[in-house]
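A.B. asks:
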Amino acid sequence: MTHYFDTLIIGSGLAGLRAAGEAVKKGSVAVLTKLYPTRSHSGAAQGGIGAALGNEEPDSPEWHFYDTVKGGDFLGDQDAIEVMCEDAIRTIVELEHLGVPFSRTPEGKIAQRRFGGHTRDFGAAPVRRACYSADRTGHAILYALYEQCGHERVDFFPEFQALDIVMDGNRCLGALAVNIRTGEIHAFNAKATLVASGGYGRVFKTTSNAIASTGDCLGIAFNKGVPLEDMEFFQFHPTGLYGLGILITEGARGEGGMLINGKGERFMERYAPTIKDLAPRDMISRAIMTEIREGRGIGGRDYVHLDITGVDKKILNERLPEISAFCKIYMGIDPSEKPIPVLPTAHYAMGGIPTDIDGRVSRDETGEVVKGLYAAGECACVSAHGANRLGCNSLLDTVVFGRRAGMAMGEFIGSVGKSEIKRDAVDAVKENIEAVINSKGKEKAGEVRAEFQKLMMDKCSVFRNEKDLTTLIQELSSFKERLKDISIKDKGSAFNTELLEVIELGHLIALGEVIAASALQRKESRGAHAREDYPKRDDENWLKHTFAFKTDRGVEFKYKPVVVTRFKPEDRKY
Amino acid sequence: MEQYILKIKRFDPEKDRKPRWEKFRIEMEFTDRVLDGFIKIKDAIDGSLTFRRSCAHGICGSCAVKINGKSGLACQTIIKDVPPGEIVIEPLPAFPVIKDLVVDIEPFFGKNREAMPYLINNEPPPELERLQSPEEQEKILQSITCIMCGCCASSCPSYWADKEYMGPSALLKAYRFIMDSRDRALEERMNSIAKPHGLWRCHSIYNCVEVCPKEIDITSHIAKLKRLAVKKKLSGFFKG
Chain P
600 MTHYFDTLII GSGLAGLRAA GEAVKKGSVA VLTKLYPTRS HSGAAQGGIG
650 AALGNEEPDS PEWHFYDTVK GGDFLGDQDA IEVMCEDAIR TIVELEHLGV
700 PFSRTPEGKI AQRRFGGHTR DFGAAPVRRA CYSADRTGHA ILYALYEQCG
750 HERVDFFPEF QALDIVMDGN RCLGALAVNI RTGEIHAFNA KATLVASGGY
800 GRVFKTTSNA IASTGDCLGI AFNKGVPLED MEFFQFHPTG LYGLGILITE
850 GARGEGGMLI NGKGERFMER YAPTIKDLAP RDMISRAIMT EIREGRGIGG
900 RDYVHLDITG VDKKILNERL PEISAFCKIY MGIDPSEKPI PVLPTAHYAM
950 GGIPTDIDGR VSRDETGEVV KGLYAAGECA CVSAHGANRL GCNSLLDTVV
1000 FGRRAGMAMG EFIGSVGKSE IKRDAVDAVK ENIEAVINSK GKEKAGEVRA
1050 EFQKLMMDKC SVFRNEKDLT TLIQELSSFK ERLKDISIKD KGSAFNTELL
1100 EVIELGHLIA LGEVIAASAL QRKESRGAHA REDYPKRDDE NWLKHTFAFK
1150 TDRGVEFKYK PVVVTRFKPE DRKY
Chain U
187 MEQYILKIKR FDPEKDRKPR WEKFRIEMEF TDRVLDGFIK IKDAIDGSLT
237 FRRSCAHGIC GSCAVKINGK SGLACQTIIK DVPPGEIVIE PLPAFPVIKD
287 LVVDIEPFFG KNREAMPYLI NNEPPPELER LQSPEEQEKI LQSITCIMCG
337 CCASSCPSYW ADKEYMGPSA LLKAYRFIMD SRDRALEERM NSIAKPHGLW
387 RCHSIYNCVE VCPKEIDITS HIAKLKRLAV KKKLSGFFKG
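Sequence lines, in order, name chains P and U. Residue numbering for the first sequence follows this note's numbering, starting at 600 and increasing by one per position. Residue numbering for the second sequence follows this note's numbering, starting at 187 and increasing by one per position.
(1) Step through the CB atoms of chain U and report whether any lies within less than 8 Å of the CB of His-904 (chain P).
(2) By the 10 Å Cβ neighbour count, where 16 or more other Cβ atoms means buried, how is Ser-982 (chain P) classified, buried or exposed?
(3) Any C-beta of chain P sitting closer than 8 Å to the C-beta of Ile-284 (chain U)?
(4) Find the nearest neighbour of Glu-1030 (chain P) within the set P:Phe-1000, P:Ile-1102, P:Asp-963, judged by alpha-carbon distance.
(5) So who's on the other strand from Ala-1147 (chain P), going by DSSP bridges?
(6) Asp-876 (chain P) and Met-888 (chain P): beta carbons closer than 8 Å?
(7) Flag Asp-222 (chain U) as yes if its beta-carbon sits less than 8 Å from any beta-carbon of chain P, otherwise no.
(8) Ignore the nearest five residues each way along the sequence and tell me which others in Leu-827 (chain P)'s own chain have a CB closer than 6 Å to its CB.
(9) Could you tell me the boundaries of the beta strand (DSSP E) in which Glu-272 (chain U) lies?
(10) Below 7 Å on C-beta distance, what does Glu-1033 (chain P) contact in chain U?
(11) Counting only C-beta atoms, is Lys-1088 (chain P) closer than 8 Å to chain U at any point?
(12) Since Pro-399 (chain U) and Leu-278 (chain U) should fall inside the 8 Å C-beta cutoff, what is the C-beta to C-beta distance between them, to a whole number of angstroms?
(13) To the nearest angstrom, how far is it from the Cα of Phe-424 (chain U) to the Cα of Glu-300 (chain U)?
(14) For Ser-367 (chain U), which option in P:Pro-725, P:Glu-695, P:Tyr-947 has the closest C-alpha, if you only look at C-alpha atoms?
(15) Taking only the alpha-carbon atoms, compute the straight-line gap between Lys-1157 (chain P) and Pro-660 (chain P) and give it to the nearest angstrom.
(16) Would Leu-305 (chain U) pass as an interface residue toward chain P - the criterion being a Cβ-Cβ separation below 8 Å?
(17) Against chain U, with Cβ distances strictly below 8 Å, would Lys-1043 (chain P) count as a contact?
(18) Counting C-beta neighbours from all protein chains within 10 Å, is the total for Pro-705 (chain P) 16 or more, i.e. buried, or is it exposed?
(19) Counting only beta-carbon atoms, is His-407 (chain U) nearer than 8 Å to chain P?
(20) Taking DSSP as the reference, what is the three-state secondary structure of Val-999 (chain P)?
(21) Could you tell me the distance, in whole angstroms, from the CA atom of Gly-1016 (chain P) to the CA atom of Lys-790 (chain P)?
(22) Of the residues that make up the stretch 310–337 of chain U, which ones have a beta carbon closer than 7 Å to any beta carbon in chain P?
(23) Measuring alpha carbon to alpha carbon, tell me which residue in U:Lys-266, U:Asp-222, U:Lys-325 is nearest Cys-241 (chain U).
(24) Quick check on the burial criterion: 16 or more other C-beta atoms within 10 angstroms. Buried or exposed for Trp-207 (chain U)?
(25) Helix, strand or coil for Ser-355 (chain U), going by three-state DSSP, please let me know.
(26) Grab me the residues of Met-187 (chain U)'s own chain with a C-beta within less than 8 Å of its C-beta, minus the 5 sequence neighbours each way, in chain order.
(27) So, are the CB atoms of Ala-729 (chain P) and Arg-712 (chain P) less than 8 Å apart?
(28) Taking 8 Å as the CB-CB limit, is Glu-1097 (chain P) close to chain U?
(29) Output needed for Phe-1011 (chain P): all residues of its chain with C-beta closer than 8 Å, excluding positions within five of it in sequence on either side, in chain order.
(30) For Val-1163 (chain P), which residues of its own chain have a beta-carbon under 7 Å away from its beta-carbon, when the five flanking residues on both sides are left out?
(31) Using the beta-carbon of each residue, which ones in chain U are nearer than 7 Å to Val-692 (chain P)?
(32) Leaving out the 5 sequence neighbours to the left and right, which residues in its chain are closer than 8 Å to Glu-685 (chain P) when beta-carbon positions are compared?
(33) From which residue to which residue does the alpha helix (DSSP H) around His-1106 (chain P) run?
(34) Between Ser-1092 (chain P) and chain U, is any beta-carbon pair separated by less than 8 Å?
(35) Whose CA, out of P:Glu-1074, P:Arg-1003, P:Glu-977, P:Asn-1095, lies closest to the CA of Val-1035 (chain P)?
(36) Are Gly-958 (chain P) and Ala-948 (chain P) close, meaning C-beta to C-beta below 8 Å?
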């Protein structure tokens, strides 16, 4: 089946929905999602969305700007960060007017709490900047945006999985997707196409990300010659539930929780004397892993405790009900009585499809634009987060840059004619599917995936080094071979999730390879990328963005300078 | 690791004329989720087993199924909380089956739209946020936690009997906006639910409350709407 839209949006999380609300003012909009819109992983965001409203204590967008630059270890592009922080207050007010049920102060204003790395007076002390809806902030915003889109004229295509982004030279023509329910391939012709497909935490064994977070569109774009920026920077959130990786929000520490090691010490006092447990996530994750490596895990084992027993029970009930329920359901622990066993969990990709501040995708390190192709949200790299994202800046990023991409697309569609996807693009996708269905190989997708995820976790997570990364890259090439040898049992058309899982695994492995290669070439430690063999940040050689390209010779690299405007790189101490 | 038998009701529209049962014997940890069992089967025994899933921790609402006779989220049902022996898994009742445990959830989402599920306020917005006291917000706190999983509707005898009934989650959604101090569309919204296939089809059976994975007291929310409708003389019994 063939469709024609002015704007096509792949992904129905916060970035996609916010863009849709904007683009629909100028033309027709289709939103594809492989789930249902309300199932998007944005809905799992817990703790908050950052804006210097100053509702609870004095704050300023400039402090927010500084914190974000420093939190990102000076790799973030400061023009983008300034746009995000300056636009934050307007963004939150707009969301509130759309119906988001933010938690409130006694005077009825939007309540705010402390979050990691957010400070007043350029690092003097933590500040209350995260606006929240208990610990379900993403859910609250996702529903409000979806509900508002629902009575605009946005056309939703739930359970449509993108299989290809179609290019004609340097112009994007739209995308091909499978209607999961029937197996039919649909061609979506669009003047402008936005990739807003979220993250790819499923590259790693232990992750807070949804099973659907497989980075399909990054894999597709990379195959089409679009570079991927800063892929070595993957954030591990310090507090995942031990053994499961389920997120326990930083808001738990924002409300007074603290991390405790096996000796009963509040160890963050040693690593970040000023803001302690509210240091940025990369620093806390390294601190936890260091404590464990040096034998100070709980009972000498591989986890530490997040202790929120000192937090008032009323606050737990009102502001952290969801994580309290998670602890009870999955760990059998009442966190008001007992500490929570936690371990870092793969959480957020700073890297992604390079874009300018209006979502236009760059085809190379010079910033030349791919016509008609846009990206926003976690799949994109603007780069507002640099080498390490601060908590509550990702929701902000999705809404700020989703809106900007929506506006840019609304303008762009007036300047170009209808696109027409050719038959051979559809045939190529069908051939790929046939190849998987007809494969008589010996491998099972589930086993290959589990081994791949474990390998990535072992060799390329919180700490990295040349030996591990070299081994990893060698082993990953065998995974590409194994991928071709996977066969599936389900040969049908309707709801063939076994087939789709093989396709997703292909993207995961491709992204794993880019992450590993990007990590190997960056010979310094910065933000979430910690090299044991190069433990220092090296601004002289590495104050630049990595651009990974797919070539016949494998992954190759080029570089783009960091935009430094207001804040010169300085020592990163907290 | 303990051995469990998952007895799953299966249906492949391209092969089966009617549903069939299949038993899978798998090793599970005490702390595993029922969803982990599905994934183990799909990964190691039968890749064609079809189910929805995404977040795996009770926030996205994808994996609602019937577990030992009761609707619930597979990702939020822990093995240690299930009686030993066979675990019987079926697709959500009252929804047409597409394949194995996947049901057609589209009509359910469609009914939600009848409740005009979006904030309506055409007054000029203030420069900053619209004020809402914590007491005002308290009224909608439970209702905003709904994840649209469908457990409630699938367990409701009224929903089974009346294909046009809006169902508990749509009514809860109406409540969420009617009771929001910022909303200005009380009349239209009340009119959209105070109708025979709406508010008055709820007979306070409480099945929805029993199965709601977010522990929302849906029936008492609906009861408040009924009281409001009576107060506004919107009984709707005698309207078409």
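Think of the CB as a built atom: it goes at the ideal place given N, C-alpha and C, for glycine as much as any other residue.
C.D. replies: Let's see:
(1) Answer no: the Cβ-Cβ gap between His-904 (chain P) and chain U never drops below 8 Å.
(2) Buried, by the Cβ-count rule.
(3) yes
(4) P:Ile-1102
(5) Under the DSSP definition of a beta bridge, Ala-1147 (chain P) partners with P:Leu-827, P:Phe-1156.
(6) no
(7) no
(8) Phe-821, Val-1113, Ala-1147
(9) 272–276
(10) Chain U residues near Glu-1033 (chain P): none, gap ~16 Å exceeds 7 Å.
(11) yes
(12) Going by Cβ atoms, the distance from Pro-399 (chain U) to Leu-278 (chain U) rounds to 12 Å, so no, they are not a contact pair.
(13) With a pLDDT of only 44 at Phe-424 (chain U), under 50, the local geometry of the prediction cannot be trusted, and the value read off the model is given with reservation. Between Phe-424 (chain U) and Glu-300 (chain U), the C-alpha separation is close to 20 Å.
(14) P:Glu-695
(15) Rounded to the nearest angstrom, the gap between the Cα atoms of Lys-1157 (chain P) and Pro-660 (chain P) is 33 Å.
(16) yes
(17) yes
(18) exposed
(19) no
(20) helix
(21) Near 7 Å, if we compare the C-alpha coordinates of Lys-790 (chain P) and Gly-1016 (chain P).
(22) Near chain P, meaning a CB-to-CB distance below 7 Å, the residues of the stretch 310–337 of chain U are Pro-311, Leu-314, Glu-315, Arg-316, Leu-317, Gln-318, Ser-319, Pro-320, Gln-323, Ile-326, Ile-330, Thr-331, Met-334.
(23) U:Asp-222
(24) Under this definition Trp-207 (chain U) is an exposed residue.
(25) helix
(26) Excluding its 5 nearest sequence neighbours in each direction, Met-187 (chain U) has C-beta neighbours in its own chain below 8 Å: Glu-213, Met-214, Glu-215, listed in chain order.
(27) The beta carbons of Ala-729 (chain P) and Arg-712 (chain P) sit closer together than 8 Å.
(28) yes
(29) Lys-790, Ala-791, Gly-971
(30) Beyond the five residues adjoining it in sequence on each side, Val-1163 (chain P) comes within less than 7 Å, by CB distance, of Gln-677 in the same chain, given in chain order.
(31) Leu-314, Glu-315
(32) Pro-660, Phe-664
(33) 1096–1120
(34) yes
(35) P:Asn-1095
(36) no
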